[in-house]
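Some notes on the structure that comes next.
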Amino acid sequence: MRLKKNEKYVVFGAEEWRVTVGKLYEVAGKVCGRALYDGGLVKGRKLAKASKLKSMAEIESVLKNENLAEQVQVERDIILVKGSFEGEALKPSLKPRCFYLAGVLAALYSACSGKDVKVEETDCIAMGKKECRFVVRELKWYEKMKEVMEVI
Amino acid sequence: MLKDVIMLGSVALLLYMGWQVEKRKRATHKSILTKLSMFYFALGISILMYYIRDFYVANEALDLLFYRIGAMFQGLSFLLIFLFSIDIFYSESRFKMPAYILAFLIFVMFSIGMWTFHLEREMQVFYLDKKYEVTRVFFPIEIEKIIITLIGIFASTLPTLSFVIYGLRDKNSRKKAFLYATGMVVMFAGSMLCYLISPLLARSLYLVGAIICYYAFKMR
Ligand SMILES: [Zn+2]
Chain F
17 MRLKKNEKYV VFGAEEWRVT VGKLYEVAGK VCGRALYDGG LVKGRKLAKA
67 SKLKSMAEIE SVLKNENLAE QVQVERDIIL VKGSFEGEAL KPSLKPRCFY
117 LAGVLAALYS ACSGKDVKVE ETDCIAMGKK ECRFVVRELK WYEKMKEVME
167 VI
Chain C
171 MLKDVIMLGS VALLLYMGWQ VEKRKRATHK SILTKLSMFY FALGISILMY
221 YIRDFYVANE ALDLLFYRIG AMFQGLSFLL IFLFSIDIFY SESRFKMPAY
271 ILAFLIFVMF SIGMWTFHLE REMQVFYLDK KYEVTRVFFP IEIEKIIITL
321 IGIFASTLPT LSFVIYGLRD KNSRKKAFLY ATGMVVMFAG SMLCYLISPL
371 LARSLYLVGA IICYYAFKMR
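Heads up: the protein sequence lines correspond to chains F and C, in order. The opening position of the first sequence corresponds to residue 17 in the numbering used here, with each subsequent residue numbered one higher. The opening position of the second sequence corresponds to residue 171 in the numbering used here, with each subsequent residue numbered one higher.
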């Protein structure tokens, strides 16, 4: 999918992801997760715009198109994802590893609901679970304020 | 001439910031910013109305018409910035609905009062070019002044606090947050002083407040 004219895209395979991002997690831990989350937000906003996303029911096809996930199930504030690209690439791990996907999901959810949300992964296939489980919650006041301050 | 520069300068700055926030809001899907951009627009439009009414000193009906439109937009700007901070602080809490309803009620009452109550014009002492200013005659003026002052304090506390508390929390954007808080306080103080003492003071304070906010806005 072409998201924006005049912008270059490269293909980043699972193995490159495993080596690059795996190393980053080793040295930067949480910071790496946060950076990937922010990157995911940017990607998610573009995807929401390019696919004219209206409801969360449509996100499976969007994520599939991008090879980010294979199956997505949304139940209110819980999102279950099967075949996450990141989780698959970063197996095995003790902690959830789908921060980029969490960012994408947050942007898509925000675009559909109009709410500013944070998406946190609680279970991950990287940890040996069957699927990745994400919880959507509304931002705390200082998180909202932080986002506002970044824009204004 | 000086007055034109001050007033049109504030209008231009406020409208520009409103437009910029609106643009960035669209780029980032941050719906929470709508009320902030609308706050800038409403305040800018209200000052523009006050500017326009000065051309109609000789025509009482038109003068009062633009005054009323301006005052309504100013009330609207207070409402919007108040709701903005409610969205930040209380969006999940059970205080949200009561606070929204209370704010709307006050705004509606203010607007009804603005359009229906008798207004009188009188000469302003502080006004250098001897324009006329409006005196409202809702109830005894002392009571009205207390009520309007309380509304002003009520509406301005939360927005200012949201910037101050955030500034205390986050070292990196402390300066920016404090600048916004200062800019807001100056603009709110301008509104209140305009009502209580003289429009001359207020109009210069709007410009100062708008410049401070603009300076914070340009900080990265
Ligand atoms: Zn995962």
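The beta carbon of each residue, even a glycine, is placed where N, CA and C say it ideally should be.
- Listed by position in the chain, the residues whose beta carbon lies within less than 5 angstroms of some heavy atom of ligand 1 are F:S100, F:G103, F:C114, F:C140, F:C148.
- Burial check for F:T36: the Cβ neighbour count within 10 Å stays below 16, so the residue is exposed.
- Contacts with chain F at 7 angstroms (Cβ-Cβ) include C:E262.
- Residue-level contact check: C:I258 touches chain F, since one or more beta carbons of chain F fall below 7 angstroms from its beta carbon.
- For the segment 129-146 of chain F, the set of positions with a beta-carbon nearer than 7 angstroms to some beta-carbon of chain C reads G130, D132 in chain order.
- Under the 7 angstroms criterion on CB atoms, F:M72 is classed as non-interfacial with respect to chain C.
- In the DSSP assignment, F:R50 falls within the alpha helix (DSSP H) that extends over 46-66.
- For the pair of segments examined, the segment 244-258 of chain C was found not to touch the segment 225-232 of chain C: the number of CB pairs separated by less than 8 angstroms stays below three.
- In this structure, the beta-carbon distance from F:S100 to F:C48 does not fall below 7 angstroms.
- Bridge partners of F:D139 according to DSSP: F:R149.
- By alpha-carbon distance to F:A142, the top candidate from F:S109, F:E163, F:E86 is F:S109.
- Interface with chain C (7 angstroms Cβ-Cβ cutoff): F:Y158 is included.
- Listed along the chain, the chain F residues whose CB falls inside 7 angstroms of the CB of C:A351 amount to none; the nearest CB is some 12 angstroms away.
- Nearest CB-CB separation between C:I202 and chain F: below the 7 angstroms threshold.
- Boundaries of the alpha helix (DSSP H) harbouring C:K205: 203-223, taken from the DSSP string.
- For C:I256, the uninterrupted alpha helix (DSSP H) run begins and ends at 230-260, by DSSP.
- At a cut-off of 7 angstroms between C-beta atoms, F:I168 counts as an interface residue with respect to chain C.
- Any Cβ of chain F closer than 7 angstroms to the Cβ of C:S255 would place that residue at the interface, and such an atom is absent.
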